[in-house]
């Protein structure tokens, strides 16, 4: 098996952080290098990572860039041929997740392969349904992957939460990208690869559980950043976002649950989540991007962009 490195950017990993790291250690293939990019965490994130034998690299929030910092982290690996990007709140579902992801990357000779993402049990039902439609139980064709990109831009679907690259190919991907990327770097990369007829694959057998669901406020802020990113970088994209919500193109079906009071509350909660994404995105498109400030201070706590 080809050697694998896992790169995880993190800010205040929280209660699920050790579970994420443990799931990496328990894989059927031994991870050659575990790189943690610690973005000014104020809790025990760094020490927990070191206890799991990770190499911790401190990153200043002002220097954080969702794409270029990840890529720089990949360049710090010394013995690995495959780079896996993982989000801090994603727990590998099975001990074979990395093996399946790497196998798909190698067997299909892909530039990038992304795995399946599942919401945790506390996520709103229609948010879980959205993730099921973007990350189905079957593999997707190139056309199906491309069709989802405009809608993924709006709804904070973040492919780099669990994705793999050939290190050699990854480090050559900067030529057509901006020096600073505001947000949605995953979609810029994927769209660029597909447009240049380079292989992008989806591996349904490799899955992660998103152990926490971002708050409505966090979804709103992330969506605003995505709207700003689209406005700033749309000339680099082959797709248009279609204006207002077009999720009917990726049918998000709800099961026939009993119409109880709890079900009604759950449905309203899900509608608010989806509305916060749409409103934040449209507001972001009208906002002037400030790529020099990568954090937003709120009650003394920095909200780091590009960690979803």
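In the UniProt record's numbering, the protein residues as written are 1 to 308.
Glycine is no exception: its CB is placed at the ideal position from the N, C-alpha and C atoms.
Since we're looking at a predicted model, the values are computed, not measured.
Whole-Å CB distance - residue i paired with residue j, under 8 Å assumed
| i | j | result |
| --- | --- | --- |
| residue 211 | residue 120 | 6 Å |
| residue 112 | residue 200 | 5 Å |
| residue 187 | residue 280 | That pair is no contact at about 16 Å. |
Any non-hydrogen atom of the ligand HEM closer than 7 Å to residue i Cβ
| i | result |
| --- | --- |
| residue 275 | The ligand HEM is not part of the structure shown, which contains no ligands of any sort. |
Helix, strand or coil at residue i [DSSP, three-state]
| i | result |
| --- | --- |
| residue 34 | strand |
| residue 267 | helix |
| residue 54 | coil |
| residue 240 | coil |
| residue 48 | helix |
| residue 307 | coil |
| residue 123 | coil |
| residue 118 | strand |
| residue 85 | strand |
| residue 106 | helix |
Same chain, Cβ closer than 7 Å to residue i, neighbours up to 5 away in sequence not counted
| i | result |
| --- | --- |
| residue 59 | 37, 38, 39 and 69 |
| residue 195 | 238 |
| residue 273 | 124, 127, 216 and 219 |
Cβ neighbours of residue i in the same chain (closer than 6 Å, five flanking residues each side left out)
| i | result |
| --- | --- |
| residue 96 | 28 |
| residue 190 | 200 |
| residue 6 | 24, 31, 34, 84 and 86 |
| residue 146 | 194 |
| residue 135 | 116 and 117 |
| residue 241 | 150, 153 and 230 |
Exposed unless 16 or more other CB atoms sit within 10 angstroms - verdict on residue i
| i | result |
| --- | --- |
| residue 154 | buried |
| residue 264 | exposed |
| residue 268 | exposed |
| residue 164 | buried |
| residue 148 | buried |
| residue 63 | exposed |
| residue 225 | buried |
| residue 262 | exposed |
Residues near residue i by beta carbon distance below 8 Å, same chain, minus five either side
| i | result |
| --- | --- |
| residue 90 | 20, 117, 161, 162, 208, 209, 210 and 211 |
| residue 53 | 25 and 34 |
| residue 108 | 199 and 201 |
Residue ranges of each alpha helix (DSSP H) run of no fewer than 4 residues wholly in the segment 130-213, ordered along the chain?
142-154, 167-170 and 185-195
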